[in-house]
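S.K.: From first to last, the protein sequence lines stand for chains V and G.
The numbering of the first sequence is this note's numbering, which starts it at 1 and goes up by one.
The numbering of the second sequence is this note's numbering, which starts it at 1001 and goes up by one.
Positions of the beta carbon are idealized from the N, C-alpha and C atoms, including for glycine.
Below is one structure. I have some questions about it.
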Amino acid sequence: MSQGIILLVEDNPDDEALTLRALRKNHILNEVVVAHDGVEALAWLFGEGAHAGRDVAVQPQVVLLDLNMPRLSGLQVLERMRQDPRTKLVPVVVLTSSKEDDDLVKSYALGANSYVRKPVDFAEFIEAVRRLGMYWLLVNQVAPARP
Amino acid sequence: MLVVDEGGRILLANPELQRLTGFAEAELVGQPIELLVPPEARTAHAAHRDGYARSPRARPMGSTLELSAVRKDGTTLPVEIMLSPMALGDRRVTIAFVRDSTEQRRRRRELEDAHAAAQAAVRELEAFSYSVAHDLRAPLRTVDGFAQALIEDYGERLDDTGRDYLARARNAAQRMGHLIDDLLALARLSRAQVAREPIDLARFVREADGRLRQANPDRRVELTVDEPLRADADPRLIAVILDNLLGNAWKFSRPRAIAHVEVGRRGAAYFVRDDGVGFDPEYASALFTPFKRLHAAREFEGTGIGLATVARAIQRHGGRIWAESAPGAGATFLFTLAAEDTP
């Protein structure tokens, strides 16, 4: 799983661009799959709808999950993930707009593993990844190219 | 007015009581007092009366009990009753003063309704400001995030003026972020329940002081704390209060080579004193209003919400806050944590 996929669930295109840039700037070269809302995220995770036929044995190394999304919210996605044996153990890092977000408490109650402030605060992201024991799988897995 | 004997029989009923109940004097005297009690409460009342007869005590008017009397025609009448036991020769009797409380109850209901409506409006407003504050953060993140991306990725292609413009844009975005955070904190505080417990304010003072020392390693500030500073207060709110007051004391004493901060007690009040720049007492009333600042932002940074938050946290305890100062003479903030008389 050295090429673990990162699933980014984010509906705001600006936050998406900033998060992708933050990952790139920090030499995280894993494949990033972007789902633009909760429905799309679940479709990808469970190989349904537009993603029918996807090999669902392949689950992401980590899910970066925004909470405030149209259609299906992040909390609902989290709940569904924790109910399904295929995604029950996939690490989920919640993206919050503030540390004191009420939703943060609910996220932990539903089985979130960690949180990171938006746009992905890198010190926090590294710390979250470290806590999840995935540090070497994600961070600096390829030495930065030197000119 | 009624006089009732130990057995609960009516001995006397004055004309006003006859008017209130519609019974004639002869229909009342000699009857058990339960005649005037609504049927559903009669059994309980008789038991209650036996208990009262064993240990009679005065009961003042206006206790919150909502009592009812029943009239001759069967209608009920909301009443307030004051009981006063006394000896009449060798008999122990009870004088009952009965007052029609229809009007009081109507007014109280109106007051309660108005209060409930006001509270609902406040909650709605807070929920609204909470969601607005949250929604304001998203575009702000975008502004700050891309300004940062520009500086990092394209900074070399800009001259100093260009980089300065971007730095200003970022500063403003971050300042607005702080404003929103502070507003959220203020809104949260208004909703928080106050959970009092015995605490030592000195511990919170030392913790806040430790954080300030860490954040300002180049400052020299001497702290004096009266220990212990006991209080019965909500520890989370106390932390907010003391963090803000000490933070201000440090901030506004910055021009001093060696500043002095003192925390202690004066009468029923606690105080935080500094020897900083102080403020003009003429404007003291504006201190606790959100967004009101008495100093230029270029001189002392801040959002103007800190003291409003402190005032709210103190109000939640039923206390009050006030300040004493003169320009250049330092400032003293005094506060109480209970609704007692303050100097």
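Please confirm if residue 1149/G has its CB atom under 8 Å from at least one CB of chain V.
M.R.: So, interface residue.
S.K.: Do you know offhand how far residue 1129/G's Cα is from residue 1184/G's?
M.R.: Looking at the two C-alpha atoms, the distance is approximately 8 Å.
S.K.: If the criterion is Cβ atoms closer than 8 Å, does the pair residue 1200/G and residue 1236/G meet it?
M.R.: No, the Cβ-Cβ distance between residue 1200/G and residue 1236/G is not below 8 Å.
S.K.: I'd like to know if residue 37/V contacts chain G, where contact means its C-beta is closer than 8 Å to some C-beta of that chain.
M.R.: No - not a single Cβ of chain G is within 8 Å of the one on residue 37/V.
S.K.: Identify every run of the beta strand (DSSP E) within the region 88-139 of chain V, keeping only runs that are complete inside it and at least 3 residues long; order them along the chain.
M.R.: Complete beta strand (DSSP E) runs here, min 3: 92-96, 114-117.
S.K.: Exposed or buried, which one is residue 1285/G when buried takes at least 16 other CB atoms within 10 Å?
M.R.: It is exposed - the Cβ of residue 1285/G has fewer than 16 other Cβ atoms within 10 Å.
S.K.: Quick check on the DSSP output: what are the complete alpha helix (DSSP H) runs of length 4 or more inside the region 1285-1327 of chain G, in order along the chain?
M.R.: As far as the region 1285-1327 of chain G is concerned, its whole alpha helix (DSSP H) runs of at least 4 residues are 1306-1316.
S.K.: Less than 7 Å between C-beta atoms, sequence neighbours within five positions excluded: which residues of the same chain meet that for residue 1278/G?
M.R.: The answer, listed in chain order, is 1325, 1326, 1327, 1328, 1329, 1330, 1331.
S.K.: What does a CB cutoff of less than 7 Å around residue 1100/G pick up in its chain, not counting 5 residues either side in sequence?
M.R.: Only 1020, 1077, 1079 meet the Cβ criterion.
S.K.: Determine the chain G residues that contact residue 15/V at a beta-carbon separation under 7 Å, and present them in chain order.
M.R.: Ordered by position in chain G, the residues that pass the 7 Å Cβ test against residue 15/V are 1141.
S.K.: At the level of alpha carbons, what is the spacing between residue 90/V and residue 1317/G?
M.R.: Rounded to whole angstroms, residue 90/V to residue 1317/G spans 45 Å at the Cα level.
S.K.: In the DSSP assignment, find the alpha helix (DSSP H) that holds residue 72/V and state where it starts and stops.
M.R.: Looking at the DSSP string, residue 72/V is not in any alpha helix (DSSP H), and its letter there is neither H nor E.
S.K.: Are residue 1212/G and residue 1264/G close, meaning C-beta to C-beta below 8 Å?
M.R.: Not a contact, by the Cβ cut-off of 8 Å.
S.K.: In the DSSP assignment, find the unbroken alpha helix (DSSP H) run with residue 40/V in it and report its ends.
M.R.: Per DSSP, residue 40/V belongs to the alpha helix (DSSP H) from 38-46.
S.K.: Could you check which residue in 1011/G, 1024/G, 1044/G has the C-alpha nearest to that of residue 1032/G?
M.R.: Closest by alpha carbon: 1011/G.
S.K.: Quick check on the burial criterion: 16 or more other C-beta atoms within 10 angstroms. Buried or exposed for residue 60/V?
M.R.: Buried, since its Cβ has 16 or more Cβ neighbours within 10 Å.
S.K.: Measuring CB atoms only, is the region 1179-1196 of chain G touching the region 1147-1156 of chain G, in the sense that at least three cross pairs come out at less than 8 Å?
M.R.: No contact exists between the region 1179-1196 of chain G and the region 1147-1156 of chain G.
S.K.: What residue does the beta strand (DSSP E) around residue 1231/G start on, and which one ends it?
M.R.: Run containing residue 1231/G: 1230-1233, per the beta strand (DSSP E) assignment.
S.K.: Beta strand (DSSP E) containing residue 1350/G: first to last residue?
M.R.: In the structure displayed, chain G extends from 1001 to 1343; residue 1350/G sits before or after that span and is not available.
S.K.: For my contact list, residue 1046/G and residue 1008/G are in at a C-beta cut-off of 8 Å; report their separation, rounded to the angstrom.
M.R.: The Cβ separation is near 7 Å, so the contact holds.
S.K.: Which ranges does the alpha helix (DSSP H) cover as unbroken runs of at least 4 residues, wholly within the region 1192-1229 of chain G, from first to last along the chain?
M.R.: As far as the region 1192-1229 of chain G is concerned, its whole alpha helix (DSSP H) runs of at least 4 residues are 1201-1215.
S.K.: How is the beta strand (DSSP E) around residue 1080/G delimited, first residue to last?
M.R.: Note, residue 1080/G: beta strand (DSSP E), 1076-1088.
S.K.: Got a sec? Which residues, its chain only, sit under 6 Å from residue 1224/G by beta carbon, not counting five neighbours each side?
M.R.: Within the same chain, residue 1224/G has close Cβ partners 1262.
S.K.: Which residues in chain V sit within 7 Å of residue 1260/G, going by Cβ to Cβ distance?
M.R.: Those within 7 Å of residue 1260/G in chain V number zero; the least Cβ separation is about 34 Å.
S.K.: Helix or strand or just coil, what does DSSP make of residue 142/V?
M.R.: Per-residue confidence for residue 142/V stands at a pLDDT of 48, beneath the threshold of 50, marking its modelled position as unreliable; no derived number is given.
S.K.: Who are the neighbours of residue 1320/G on chain V, taking C-beta pairs under 8 Å?
M.R.: What residue 1320/G touches in chain V: nothing, since even the nearest Cβ is about 27 Å away.
S.K.: Quick one: does residue 1157/G have its CB under 8 Å from some CB of chain V?
M.R.: No, because no Cβ of chain V sits closer than 8 Å to the Cβ of residue 1157/G.
S.K.: According to DSSP, is residue 1006/G part of a helix, a strand, or is it coil?
M.R.: In the structure shown, residue 1006/G sits in coil (DSSP, three-state: anything other than H, G, I, E or B).
S.K.: Using a Cβ cut-off of 7 Å, which residues of the region 21-35 of chain V contact any Cβ in chain G, in chain order?
M.R.: Residues 21.
S.K.: Go through its chain and collect everything with a Cβ distance to residue 1275/G's Cβ below 7 Å, but skip five positions before and after it.
M.R.: Cβ within range, chain order: 1253, 1256, 1259, 1260, 1330.
S.K.: Between which two residues does the beta strand (DSSP E) carrying residue 1270/G extend?
M.R.: Where residue 1270/G is concerned, the enclosing beta strand (DSSP E) stretches over 1269-1274.
S.K.: For a test of your reading of the model: does the CB of residue 1302/G fall under 7 Å from any non-hydrogen atom of the ligand COA? Yes or no.
M.R.: As far as ligands go, the structure on display features none, and thus does not contain the ligand COA.
S.K.: Which same chain residues, not among the five before or five after residue 1166/G, have their C-beta less than 7 Å away from its C-beta?
M.R.: 1147, 1150, 1151, listed in sequence order.
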